[in-house]
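In full-length UniProt numbering, the protein residues as written are 1 to 309.
Here's the structure, in structure tokens; my notes come after.
Shown next, in the form of structure tokens:
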């Protein structure tokens with residue numbers, strides 16, 4: 001996700017043709033506005049249901065912003081008091097909808113900037129008759145800062161956010177030390193953060209940012225190290241070479257015993273991940289077409305789970 005492009009011309013779902021200002025934000029957003037066109041079924045569902053299931057929030061100066069001082073009472077929105085799960089960057093809504101089906105006594109907030117994704121979620125909501133789902137079309141950090149009280153959330157899910165491969169774009173990554181601060185504020189004690197990515201560089205970045213936060217503890221410390229680590233496999237097997245796997249320092253000695261220079265990444269130092277901390281695959285996350293595509297391309301999936309102390 002990156003800074004917003006000018007908003008598209010007026011559509012049925014409410015965007016205007018004025019450009020979204022960017023400079024008022026103190027940090028870059030992690031998305032690029034893409035096409036907002038809806039297929040006929042999604043358009044009909046959006047027109048019929050968005051007023052009920054999409055929470056209309058006051059804006060600042062961009063169509064995905066949240067105005068300061070916004071006060072939303074989620075128990076009133078859902079009509080009950082229940083554990084809250086926030087699914088950030090929910091895509092086509094598969095994980096949000098599955099979570100709502102699996103946990104009918106929990107309430108789910110889908111945070112997504114793309115209208116087609118939220119419209120796809122509404123189709124699932126109607127098909128399944130789900131009443132414990134609401135969507136917010138807004139920049140995730142502003143949602144965490146301005147729409148959620150401290151300690152109000154039971155779980156936060158961030159599955160396959162844009163990895164922003166190029167070094168000069170790393171500042172646009174959603175998961176960062178600042179994001180860890182936001183997560184720690186809104187999670188209740190004992191609350192859970194679940195992360196997943198199919199790119200090793202972002203996985204290491206996520207792990208470093210979360211491990212450094214004093215109020216977040218890895219739920220699986222030391223798990224999947226050495227040969228059992230997906231990071232070790234990525235390095236040894238030369239995966240992700242089209243964009244560059246998680247970098248390691250130049251090799252100072254000979255090739256690792258039993259591993260050829262080609263498979264270990266010629267010229268690289270010890271490729272073994274001695275830290276680990278990777279979580280088992282979250283069973284509540286459905287296997288989406290996006291994740292399937294990553295697996296078919298030979299990428300590995302990295303899961304991380306943290307608990308709010």
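C-beta: ideal position from N, C-alpha, C; glycine also.
These figures come from a predicted structure and were not determined experimentally.
Endpoints, beta strand (DSSP E) assigned at residue i
| i | result |
| --- | --- |
| residue 305 | 302-308 |
| residue 133 | 133-136 |
Supposed close pair residue i, residue j - CB separation, criterion 8 Å
| i | j | result |
| --- | --- | --- |
| residue 125 | residue 53 | 6 Å |
| residue 132 | residue 108 | 6 Å |
| residue 157 | residue 66 | About 19 Å separates the two Cβ atoms, so there is no contact after all. |
| residue 199 | residue 240 | 7 Å |
| residue 175 | residue 220 | That pair is no contact at about 17 Å. |
| residue 42 | residue 120 | 6 Å |
| residue 94 | residue 288 | 5 Å |
According to DSSP, residues forming a beta bridge with residue i
| i | result |
| --- | --- |
| residue 195 | 158, 304 |
| residue 72 | Note: residue 72 sits in no beta bridge, so no partner. |
| residue 148 | Answer is none; residue 148 lacks a bridge partner. |
| residue 86 | 109, 156 |
Option nearest residue i by Cα separation, candidates the options
| i | options | result |
| --- | --- | --- |
| residue 129 | 97, 81, 148, 183 | 97 |
| residue 290 | 205, 55, 91 | 91 |
| residue 155 | 187, 206, 202 | 187 |
| residue 68 | 74, 75, 58, 76 | 58 |
| residue 55 | 44, 77, 269 | 77 |
| residue 181 | 171, 210, 83 | 210 |
| residue 298 | 233, 204, 105 | 233 |
| residue 314 | 158, 122, 240 | Since the displayed the chain opens at 1 and closes at 309, residue 314 lies outside it and no answer follows. |
| residue 231 | 203, 48, 42, 94 | 203 |
| residue 134 | 144, 110, 141 | 110 |
| residue 286 | 159, 40, 207 | 159 |
| residue 274 | 284, 305, 227, 306 | 227 |
| residue 235 | 271, 127, 106 | 271 |
| residue 37 | 101, 100, 115, 79 | 115 |
| residue 103 | 306, 284, 144 | 284 |
| residue 218 | 168, 305, 167 | 305 |
Segment limits, alpha helix (DSSP H) that includes residue i
| i | result |
| --- | --- |
| residue 216 | Where residue 216 is concerned, there is no enclosing alpha helix (DSSP H), although the beta strand (DSSP E) it sits in stretches over 216-218. |
| residue 101 | 94-102 |
| residue 236 | 230-237 |
| residue 179 | 177-186 |
| residue 290 | 289-296 |
| residue 126 | 115-128 |
| residue 166 | Where residue 166 is concerned, there is no enclosing alpha helix (DSSP H), given that its DSSP letter is neither H nor E. |
| residue 211 | 200-211 |
| residue 273 | First-last for residue 273: undefined, no H or E at that position. |
| residue 60 | Here residue 60 belongs to no alpha helix (DSSP H), and DSSP marks it neither H nor E. |
| residue 51 | 40-53 |
Contacts around residue i, its chain only, beta-carbon distance under 6 Å, and the 5 residues preceding and following it disregarded
| i | result |
| --- | --- |
| residue 276 | 222, 223, 224, 225, 229 |
| residue 112 | 90, 118 |
| residue 177 | 209 |
| residue 64 | 113, 138, 139 |
| residue 161 | 89, 174 |
| residue 60 | 67 |
| residue 144 | 182, 186 |
Same chain, Cβ closer than 8 Å to residue i, neighbours up to 5 away in sequence not counted
| i | result |
| --- | --- |
| residue 303 | 194, 195, 196, 278, 279, 280, 281, 282 |
| residue 189 | 151, 308, 309 |
| residue 301 | 196, 197, 198, 230, 281, 291, 294, 295 |
| residue 153 | 84, 85, 86, 186, 187, 188, 191 |
| residue 149 | 186 |
| residue 72 | 55, 57, 147 |
| residue 70 | 57, 58, 146, 147 |
| residue 212 | 177, 180 |
| residue 335 | For the chain, the structure presents residues 1 to 309; residue 335 sits outside this window and is missing. |
| residue 101 | 128, 130 |
Residues near residue i in its chain [Cβ-Cβ closer than 7 Å; skip 5 each side]
| i | result |
| --- | --- |
| residue 215 | 184, 308, 309 |
| residue 258 | The pLDDT assigned to residue 258 is 36, lower than 50, so where the model puts this residue is not dependable; a value taken from the coordinates is nonetheless given after this. None. |
| residue 164 | 170, 172, 173 |
Residue i beta carbon near the ligand GTP (any heavy atom closer than 6 Å)
| i | result |
| --- | --- |
| residue 89 | The ligand GTP is absent from the structure shown, which contains no ligand whatsoever. |
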